[in-house]
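Everything below concerns the one structure shown next.
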Amino acid sequence: MFSKPQLHKLPGVLSNLVAVSLVIALAVGALMLWLLNPIPLQNLRLAQFDQLQRWYPRAYSPAGVRVVDIDEASLREFGQWPWPRTRLAELVNRLKDAGAAVVVFDVLLVEPDRTSPAPMARLWKHPEVSALLETLPDHDQVLQQSLAEQSVVLGASLSGSGHSAEPVNGSSQAPPPYRIINRGGSHPEQWLNAFDAIVLPLPNLMASAKGVGALNFASDADGVVRRVPMLSRLGNDMVPSLSAEALRVAKGTRNYLLRSSEAGVQEVRIGDLTVPTDAKAEIWLYYTRPQPDRYVSAARVLDKQVGKEKLDGHIVLIGSSAAGLMDLRFSPMGDVMPGVEAHALALEQILLGEHLQRPAWLAGLEALVIVLFALAAGLFALASSARSVVIAMLIVLAVMVAGACYAFVAHHLLLDAIYPTLVAAISFALGGSIHHWLTEREQRWVREAFSRYVSPNRVAHLVAHHEQLQLGGQRQACSFVFTDLAGFTSMMEAGDPAQAVTQLNEYLDGMLAIIFKHDGTLDRIVGDAVAVLFSAPVPQPDHRQRAMNCALEMDRFATAYAMQLRASGTAWGHTRIGVHTGEVIVGNFGGKTLFDYRALGDPINTASRLESVNKHLGTRVCVSRAILDGCVGVPARLVGFLVLQGKVQPLEVYEPLAAANDALSAPVADYAAGMRLLRPLDNQDLNHPSLALAHFEVLFEKYPHDPLVSLHLQRLRFGATDDLIVMREK
3 MFSKPQLHKL PGVLSNLVAV SLVIALAVGA LMLWLLNPIP LQNLRLAQFD QLQRWYPRAY
63 SPAGVRVVDI DEASLREFGQ WPWPRTRLAE LVNRLKDAGA AVVVFDVLLV EPDRTSPAPM
123 ARLWKHPEVS ALLETLPDHD QVLQQSLAEQ SVVLGASLSG SGHSAEPVNG SSQAPPPYRI
183 INRGGSHPEQ WLNAFDAIVL PLPNLMASAK GVGALNFASD ADGVVRRVPM LSRLGNDMVP
243 SLSAEALRVA KGTRNYLLRS SEAGVQEVRI GDLTVPTDAK AEIWLYYTRP QPDRYVSAAR
303 VLDKQVGKEK LDGHIVLIGS SAAGLMDLRF SPMGDVMPGV EAHALALEQI LLGEHLQRPA
363 WLAGLEALVI VLFALAAGLF ALASSARSVV IAMLIVLAVM VAGACYAFVA HHLLLDAIYP
423 TLVAAISFAL GGSIHHWLTE REQRWVREAF SRYVSPNRVA HLVAHHEQLQ LGGQRQACSF
483 VFTDLAGFTS MMEAGDPAQA VTQLNEYLDG MLAIIFKHDG TLDRIVGDAV AVLFSAPVPQ
543 PDHRQRAMNC ALEMDRFATA YAMQLRASGT AWGHTRIGVH TGEVIVGNFG GKTLFDYRAL
603 GDPINTASRL ESVNKHLGTR VCVSRAILDG CVGVPARLVG FLVLQGKVQP LEVYEPLAAA
663 NDALSAPVAD YAAGMRLLRP LDNQDLNHPS LALAHFEVLF EKYPHDPLVS LHLQRLRFGA
723 TDDLIVMREK
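Per this note's numbering: the sequence shown = residues 3 to 732.
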């Protein structure tokens with residue numbers, strides 16, 4: 003009895019070790035995936051950062067940065083792009099008059115102006131026109147002169163193709179106007195975005211400009227502009243971006259002071275401005291909501307409609323929002339913006355000192371959180387209920403979201419909450435699933451063990467309807483089967499008790515298997531006696547048929563088992579069975595400490611009495627007419643109308659033919675004819691007792707071992723006149 007739990011203990015320990023190992027493996031796998039950083043994981047992280055920007059955008063504050071927009075209105079008024087360089091020179095002059103500190107071109111000026119006099123003269127090929135055009139100044143020279151009179155930064159384009167590019171420090175190029183000084187780790191250029199070619203402005207324009215910066219952005223796989231590099235790598239050299247050059251020229255300095263370590267770049271210093279960067283020398287753009295005040299139409303500048311207060315002392319970027327010029331980008335705010343706005347945002351947040359940061363130590367913290375969350379969530383789920391796991395998961399989600407929001411708002415930190423939360427959720431799910439599986443296995447074992455003490459269908463019903471675990475009962479029509487083993491007490495006294503117990507256990511095991519096969523509910527076992535209940539706890543419309551079929555199969559098994567033991571020399575009695583049906587009260591009875599599920603009512607006592615009358619009748623199975631009325635295909639012969647001890651009303655009782663010995667029993671028709679003679683109300687013109695006596699005398703001579711023939715013959719000889727049998731004993 004006690005070996006099962008002990009055998010169950012070792013697999014449980016092994017299962018727990020496997021479960022913990024799986025949680026640890028999940029934590030290690032999550033960390034490895036974080037280190038590999040695949041694009042789907044990057045997209046999840048970036049989507050969270052974008053959402054934070056949408057929830058908490060930077061409040062717009064004037065920072066001395068303005069965009070002169072070559073917009074659709076400007077193109078309608080001054081013609082298609084590209085404009086003549088004389089118009090760009092005019093634009094630079096207007097900005098100079100308005101007090102612009104630095105003019106920054108977010109456009110490429112890499113080819114000579116085709117509208118200059120010399121190209122036009124070659125185009126027209128008319129002597130008088132050519133002579134007139136030769137007296138006019140070259141447009142690029144006009145622009146060059148304007149650039150020389152104003153602090154101007156020109157744009158260049160980095161690429162990896164190299165087919166039309168020039169090296170920034172080629173032999174034909176003058177030294178760059180900037181100098182990059184590294185303080186810290188060696189070779190910081192290894193961390194930068196790498197290019198092998200650059201497309202530069204015209205040499206004469208570069209000669210007059212105060213700076214040249216790369217226009218390139220650090221677009222992610224989804225095309226959204228989230229970062230702007232301060233520096234990039236061109237071959238073995240480091241080159242500044244357009245934003246960095248605009249700041250350098252505005253600050254009147256030549257040097258970029260670079261602080262780096264073995265983990266990458268940490269910050270870039272430009273004059274008195276310190277710009278914290280990521281390892282690639284990029285800054286995360288801190289977006290504002292769309293601000294029309296950031297823009298000034300180029301047409302209004304050219305028409306002198308912009309007051310000096312709008313541009314005085316500003317860094318002015320010249321770019322375009324016109325769709326036809328193809329310089330539109332996606333922003334994390336879900337909008338399409340001109341590319342020049344990214345540079346304007348970078349300059350604004352640097353000048354205001356409002357930096358979004360994702361320093362290297364933050365990544366280390368996230369790695370630690372991922373491992374701890376995976377382990378804590380998995381181990382917690384292994385030891386907790388499903389409800390606790392769900393609550394804990396919601397708490398983790400709330401804490402991570404709140405933490406990411408707080409870090410963003412209060413410290414401008416980009417904390418990845420998505421992946422740690424996802425790892426925790428998966429770990430919760432894994433641990434919860436394992437816990438559920440282990441719990442189900444444990445409950446299954448408990449149900450199996452409990453079913454050895456309580457009827458399995460009762461256990462299954464209580465598992466499905468635990469609300470019925472309370473005191474009380476209800477009226478219900480049920481059927482009952484009672485069995486008893488004749489002479490077992492004597493066998494215990496006469497033989498080896500241990501052997502008798504073993505044989506009894508085998509006998510009961512077979513009987514119980516039959517009961518459960520027919521979905522019967524074991525009411526109780528008392529020694530060798532068994533009481534079975536049908537139609538409770540689960541109602542069974544065919545409960546009478548089930549009870550009858552169960553009783554007949556139990557009779558066949560008990561008879562065969564007795565013959566088997568007798569053949570081996572063991573004295574074993576036959577099994578008596580009684581079957582009856584009726585309305586009873588079914589439920590839990592007892593007290594708050596201990597329940598006893600059973601049925602109470604007269605039909606139970608009647609079924610028990612039917613079992614016991616078999617020893618007086620000489621039969622093995624007795625069933626009531628109420629049972630037979632609910633059965634199909636169960637032939638039986640009438641025993642008689644029995645008045646059981648303690649009862650007043652007679653009960654019509656039958657013996658199923660399947661439980662009778664065919665070799666010893668009288669033919670059914672002959673027996674039935676004799677029983678009809680015992681019913682005087684059916685044939686009042688006949689002398690029934692004498693005819694019945696004569697009939698049973700004849701049957702007895704032929705079938706002396708038929709117990710019912712012997713019973714009725716003896717009754718008739720003692721003066722009985724009908725089939726009413728009054729029992730004086732149980």
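For each residue, glycine too, the CB sits at the ideal point set by N, CA and C.
Simplified DSSP assignment, three categories, for residue i
i	result
histidine 576	coil
glutamine 293	coil
valine 112	coil
alanine 61	coil
glutamine 547	helix
proline 709	helix
alanine 533	strand
aspartate 687	Low local confidence applies: a pLDDT of 47 at aspartate 687 is under 50, so the model's placement there is unreliable, and no value is given.
methionine 335	coil
arginine 360	coil
valine 20	helix
leucine 487	strand
leucine 12	Because the pLDDT of leucine 12 is 42, which lies under 50, any placement of that residue in the model is unreliable, and the question is left without a value.
phenylalanine 219	coil
aspartate 314	coil
isoleucine 320	strand
glycine 589	strand
phenylalanine 720	coil
glycine 341	helix
aspartate 73	coil
glycine 186	strand
glutamine 470	Low confidence applies to glutamine 470: its pLDDT is 46, below 50, so where it sits in the model is not reliable enough to give any reading.
tyrosine 180	coil
glutamate 495	helix
CB-CB length for residue i against residue j, believed under 8 Å
i	j	result
alanine 184	lysine 282	Sequence check: residue 184 is asparagine here, not alanine. Not really, about 15 Å apart at Cβ, beyond 8 Å.
leucine 290	proline 59	Checking the displayed sequence, the identity of residue 290 turns out to be threonine instead of leucine. Indeed they touch by this definition, with Cβ atoms about 5 Å apart.
valine 144	isoleucine 320	Actually they are not in contact, since the Cβ atoms of valine 144 and isoleucine 320 sit about 16 Å apart, beyond 8 Å.
alanine 362	valine 227	Contact flag wrong, Cβ pair sits at about 23 Å.
serine 245	leucine 349	6 Å
leucine 260	proline 177	Actually they do not touch by this definition, with Cβ atoms about 18 Å apart.
valine 645	proline 637	About 25 Å; that fails the 8 Å criterion.
alanine 675	histidine 697	7 Å
isoleucine 420	arginine 68	So it is not a contact: roughly 36 Å between Cβ atoms.
alanine 209	serine 153	With a Cβ gap of about 15 Å, alanine 209 and serine 153 do not count as contacting.
serine 492	serine 537	With 8 Å as the limit, serine 492 and serine 537 do not qualify as a contact, their Cβ atoms being about 36 Å apart.
leucine 160	alanine 211	At roughly 17 Å, the Cβ-Cβ gap does not stay under 8 Å, so leucine 160 and alanine 211 are not in contact.
aspartate 525	leucine 535	5 Å
glycine 433	leucine 506	Not really, about 47 Å apart at Cβ, beyond 8 Å.
Residue j beta carbon less than 8 Å from that of residue i
i	j	result
tryptophan 286	leucine 415	no
leucine 90	proline 203	no
valine 588	alanine 601	yes
isoleucine 272	leucine 249	yes
methionine 758	isoleucine 182	The displayed coordinates of the chain run from 3 to 732. Any statement about residue 758 would go beyond what the structure contains.
aspartate 140	serine 322	no
aspartate 108	proline 86	no
glutamine 50	aspartate 418	yes
leucine 236	isoleucine 200	yes
alanine 158	lysine 310	no
The ligand FMN heavy atom lying under 7 Å from the CB of residue i
i	result
alanine 388	Ligands are entirely absent from the displayed structure, and the ligand FMN is therefore not among its contents.
Exercise for the section: Examine the Cβ distances between the stretch 25-42 and the stretch 300-319 and report whether three or more of them are shorter than 8 Å. Expected result: Because the criterion of three Cβ pairs below 8 Å is not met, the stretch 25-42 and the stretch 300-319 do not touch.
Practice task
Assess, as a yes-or-no matter, whether the stretch 611-628 is touched by the stretch 501-518 under the definition of 3 or more beta carbon pairs within less than 8 Å.
Solution key: Segments in contact, no.
Problem - Three CB pairs or more closer than 8 Å across the stretch 249-258 and the stretch 321-334 - result: Pairwise C-beta distances place the stretch 249-258 out of contact with the stretch 321-334, as fewer than three of them are shorter than 8 Å.
Problem - the stretch 525-533 contacting the stretch 485-496, beta-carbon criterion three pairs below 8 Å - result: Contact between the stretch 525-533 and the stretch 485-496 is present, because at least three Cβ pairs lie under 8 Å.
Exercise for the section: Determine, using beta-carbon pairs with one atom in the stretch 492-508 and one in the stretch 547-556, whether at least three such pairs fall under 8 Å. Expected result: Fewer than three beta-carbon pairs drawn from the stretch 492-508 and the stretch 547-556 are found closer than 8 Å, and the two stretches are therefore not classed as touching.
Exercise for the section: Taking only runs that begin and end inside the stretch 398-446, name each unbroken alpha helix (DSSP H) of 4 or more residues, in chain order. Expected result: Segments of the alpha helix (DSSP H) lying fully in the stretch 398-446: there are none.
Exercise for the section: Assess, as a yes-or-no matter, whether the stretch 209-222 is touched by the stretch 74-94 under the definition of 3 or more beta carbon pairs within less than 8 Å. Expected result: Contact check between the stretch 74-94 and the stretch 209-222: fewer than three CB pairs, one atom from each, fall below 8 Å, which does not count as touching.
Exercise for the section: Please confirm if the stretch 612-622 is in contact with the stretch 501-510, defined as three or more CB-CB distances below 8 Å between the two stretches. Expected result: Pairwise C-beta distances place the stretch 612-622 out of contact with the stretch 501-510, as fewer than three of them are shorter than 8 Å.
Practice task
Indicate whether the contact test is met: 3 or more Cβ pairs, each with one atom in the stretch 561-576 and one in the stretch 536-546, closer than 8 Å.
Solution key: The stretch 561-576, when compared against the stretch 536-546, does not touch it at the 8 Å Cβ threshold.
Practice task
Return the chain-ordered ranges of every beta strand (DSSP E) run that is complete within the stretch 594-664 and spans a minimum of 3 residues.
Solution key: Fully enclosed beta strand (DSSP E) runs of 3 or longer: 597-602, 623-626, 638-645, 653-658.
Practice task
Just list the beta strand (DSSP E) runs in the stretch 237-264, keeping only unbroken ones of 3 residues or longer that don't cross its boundaries, in chain order.
Solution key: Listed in chain order, they are 239-242, 257-263.
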